[in-house]
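Undergrad:
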Amino acid sequence: MKSTETLFGKPLTSIQALERFFLKKSSPAFTQDSEERTLALFHQMAKRVPAYQQFLQDHKIQPESILSFEDLLEIPPTDKDNYVNRYPLNQLCWDGKLDAHMFSTSSGSSGKTQFWPRTHRLELETATIYELLLKNFFEIDKKKTLLINAYSMGLYVAGTFTLNSCMRIADKGYPLTTITPGINKQDIIKVIQAVGDQFEQIILCAYPPLAKDIIDEGIAAGIDWSHYSLHFISGGESYSEGWRANLYKHAGVDTDRYLTSSINTYGSADAAILGHETPLSILIRTYASKNKALCEELFGRRTVPSLHQYYPFWKNISLYKNELCFSANAGIPLLRYNIHDVGNTYTYNQIIRILKKHGVSSKRIEADLPAHFLWKLPFVYLFGRSDQASTIYGLNIYPENIKEALEQETVMPNVSGKFFISTEFDRKQNQYLKLKIELRKNVSLDRKTTLRIKKVVFDTLREVNAEYKVLSEHLMHRAKPRISFHTHGDERHFPTQIKQRYLK
Numbered sequence: 029m030k031s032t033e034t035l036f037g038k039p040l041t042s043i044q045a046l047e048r049f050f051l052k053k054s055s056p057a058f059t060q061d062s063e064e065r066t067l068a069l070f071h072q073m074a075k076r077v078p079a080y081q082q083f084l085q086d087h088k089i090q091p092e093s094i095l096s097f098e099d100l101l102e103i104p105p106t107d108k109d110n111y112v113n114r115y116p117l118n119q120l121c122w123d124g125k126l127d128a129h130m131f132s133t134s135s136g137s138s139g140k141t142q143f144w145p146r147t148h149r150l151e152l153e154t155a156t157i158y159e160l161l162l163k164n165f166f167e168i169d170k171k172k173t174l175l176i177n178a179y180s181m182g183l184y185v186a187g188t189f190t191l192n193s194c195m196r197i198a199d200k201g202y203p204l205t206t207i208t209p210g211i212n213k214q215d216i217i218k219v220i221q222a223v224g225d226q227f228e229q230i231i232l233c234a235y236p237p238l239a240k241d242i243i244d245e246g247i248a249a250g251i252d253w254s255h256y257s258l259h260f261i262s263g264g265e266s267y268s269e270g271w272r273a274n275l276y277k278h279a280g281v282d283t284d285r286y287l288t289s290s291i292n293t294y295g296s297a298d299a300a301i302l303g304h305e306t307p308l309s310i311l312i313r314t315y316a317s318k319n320k321a322l323c324e325e326l327f328g329r330r331t332v333p334s335l336h337q338y339y340p341f342w343k344n345i346s347l348y349k350n351e352l353c354f355s356a357n358a359g360i361p362l363l364r365y366n367i368h369d370v371g372n373t374y375t376y377n378q379i380i381r382i383l384k385k386h387g388v389s390s391k392r393i394e395a396d397l398p399a400h401f402l403w404k405l406p407f408v409y410l411f412g413r414s415d416q417a418s419t420i421y422g423l424n425i426y427p428e429n430i431k432e433a434l435e436q437e438t439v440m441p442n443v444s445g446k447f448f449i450s451t452e453f454d455r456k457q458n459q460y461l462k463l464k465i466e467l468r469k470n471v472s473l474d475r476k477t478t479l480r481i482k483k484v485v486f487d488t489l490r491e492v493n494a495e496y497k498v499l500s501e502h503l504m505h506r507a508k509p510r511i512s513f514h515t516h517g518d519e520r521h522f523p524t525q526i527k528q529r530y531l532k
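Those letters in the sequence shown? Residues 29 to 532, by our numbering.
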């Protein structure tokens, strides 16, 4: 029997050994290994997790009848409603014992704050992932580095996990210094002005809207960002390659560092880091951004979603309908747990075959990216939560659809990127979309610019959302969002949030 310390987790060997492992292990071997570990996790949970035992009984499932990974896929997924919120916290843990050295909470984006236990094993796993991405993509082993942790501290997961990981990494001898100003933009700018030039590079960890604000306000404060070698780590939401390029432009990031200056992470309070961008995943997004046929075959839409590589020996990701389910020996062991993210997965081989079909050969990839970045880990892409969309006449309008419009080159100079979208009704109870958009600091719009931005939003929605395009042809002007623009930092419409919320 495998212990909970090794179950569903590769023993934590040296970083160099893991790097070689990612380059050499075959794509099918990763899949087989992940499926075997997931099946082992299931049988251990069926024996030792009281809540999961009851869940299986309620669904009339005999654990001994589950003999393969395919059998697992027939078991109903768990989620917050049917599993986590139904049982006492200790009953969700191994042997009914709450054995955690720390708690984090979710940000409450689903409407209820949830407490999540964190174990030493999960902390070690997360620190290892941070070390891998910081060393491989940002070369912290070679450069004196200041990491500014601008995630919220306190109860929330991202800030404390990042701090803990960085402290462990620094203890191993890396020239890494961490500071934790949290989401206070003025404190962050003061830090850079005071000590930024003492380091060879600066890594800013922040949610994307905050990172953009920091760069903009730093420019207003007289900071020449090109004086620093800036890198970014973000999470909590996706962004387009246009947004990334715009951030780099204002942050003074050289174009030759495009693939190695930012990493967007895919994580949750439930199980920490599920995956993260790599130079290879960013490169694939750039291909898809310029090739609509490739984009549609890869992702089923004309909008490029977030694309990450993940570690299949720590997290297995499977599909239920069009939603992602993960299995992990986290603070709470979770089996086929659905957080209602819409997306899918690819093995390394599968995604390379699709690229080749659309004219992107292996030689081209190797010409665009050094071989040591070609990790053979699987990929996961996601568009966002299926239960977090506004609707109009029964079809979904996702925040990503609006982001696509606001991240157009002709729009970005005027807006901060923050917005609220909601479904409303007029006096005659006709349904319409209401969209509030925050302007950039010290920006006001004339009538011509206002009309142009409204047209870009409408045209982009029609382009990226096929159902909306059909609807707009029938409803005409009634399908157009009713858009209002608001001054930067207007607390009435854009209250300070730990994580930006786009739906009201």
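Backbone N, C-alpha and C define an ideal beta-carbon position, used for all residues, glycine too.
Can GLU269 and SER317 be called in contact, C-beta distance under 8 Å?
TA: In this structure, SER317 lies closer than 8 Å to GLU269 by Cβ.
Undergrad: For VAL439, which three-state DSSP category applies?
TA: Three-state result, VAL439: coil.
Undergrad: If you compare alpha carbons, which of ASP518, ARG149, LYS508 is closest to LEU467?
TA: Residue ASP518 is the option with its Cα nearest to LEU467.
Undergrad: Candidates ALA79, ILE207, ARG196, TYR256: which alpha carbon is nearest SER180's?
TA: When each option's Cα is compared against that of SER180, the closest is ILE207.
Undergrad: Who are the Cβ neighbours of VAL388 in its own chain at under 7 Å, not counting the five residues just before and after it?
TA: Result list for VAL388: TYR315, in chain order.
Undergrad: If distances are taken between C-alpha atoms only, which option among ARG196, ASN118, ASN110, LEU161 comes closest to GLU151?
TA: Comparing Cα positions, the closest option is ARG196.
Undergrad: Check whether the Cβ atoms of LEU160 and ILE43 sit closer than 8 Å, and answer yes or no.
TA: Result yes, Cβ atoms of LEU160 and ILE43 sit closer than 8 Å.
Undergrad: Along the chain, where does the alpha helix (DSSP H) containing PHE341 start, and where does it finish?
TA: Where PHE341 is concerned, there is no enclosing alpha helix (DSSP H), given that its DSSP letter is neither H nor E.
Undergrad: Given a threshold of 16 other Cβ atoms within 10 Å of its Cβ, counted over all protein chains shown, does PRO56 qualify as buried or as exposed?
TA: Exposed, because fewer than 16 other Cβ atoms sit within 10 Å of the Cβ of PRO56.
Undergrad: Going by DSSP in three states, TYR376 sits in which element: helix, strand or coil?
TA: Residue state, collapsed to three classes: helix.
Undergrad: In the DSSP assignment, the beta strand (DSSP E) including ARG146 goes from what residue to what residue?
TA: 143-146 is the span of the beta strand (DSSP E), which, as asked, contains ARG146.
Undergrad: Mind checking which residues open and close the beta strand (DSSP E) that includes GLU466?
TA: First-last of the beta strand (DSSP E) with GLU466: 459-467.
Undergrad: Whose C-beta lies closer than 7 Å to the C-beta of PRO236 among residues of the same chain, with five residues either side of it excluded?
TA: Same-chain partners within the cutoff: SER262, GLU265, TYR267.
Undergrad: Leaving out five residues on either side along the sequence, give the residues of the same chain with a beta carbon under 7 Å from the beta carbon of GLU491.
TA: Closer than 7 Å at the Cβ level, and outside the excluded window around GLU491, lie ARG330.
Undergrad: Please work out which residues of its chain come closer than 7 Å, Cβ to Cβ, to ARG28, disregarding the five sequence neighbours upstream and downstream, and give them in chain order.
TA: Residue 28 is absent from the model: the chain starts at 29 and stops at 532.
Undergrad: With which residues is THR190 paired in a DSSP beta bridge?
TA: BP columns for THR190 are empty, so no partner.
Undergrad: Using a C-beta cutoff of 8 Å, does VAL370 count as contacting chain B?
TA: Given the protein chain composition of this structure (a single chain), no chain B is represented.
Undergrad: Determine contact between the stretch 378-395 and the stretch 439-456, defined as no fewer than three beta-carbon pairs at a distance below 8 Å.
TA: Contact between the stretch 378-395 and the stretch 439-456 is absent, because fewer than three Cβ pairs lie under 8 Å.
Undergrad: Helix, strand or coil for PHE260 per DSSP?
TA: The answer is strand: DSSP assigns PHE260 an E or B state.
Undergrad: Out of curiosity, what's the CA-to-CA distance linking PHE552 and LEU126?
TA: Beyond the ends of the chain as shown, which are 29 and 532, falls residue 552; an answer cannot be given.
Undergrad: Can you round the beta-carbon distance between TYR338 and LEU302 to whole angstroms, since I take them to be within the 8 Å contact cut?
TA: Right, their Cβ atoms sit about 6 Å apart.
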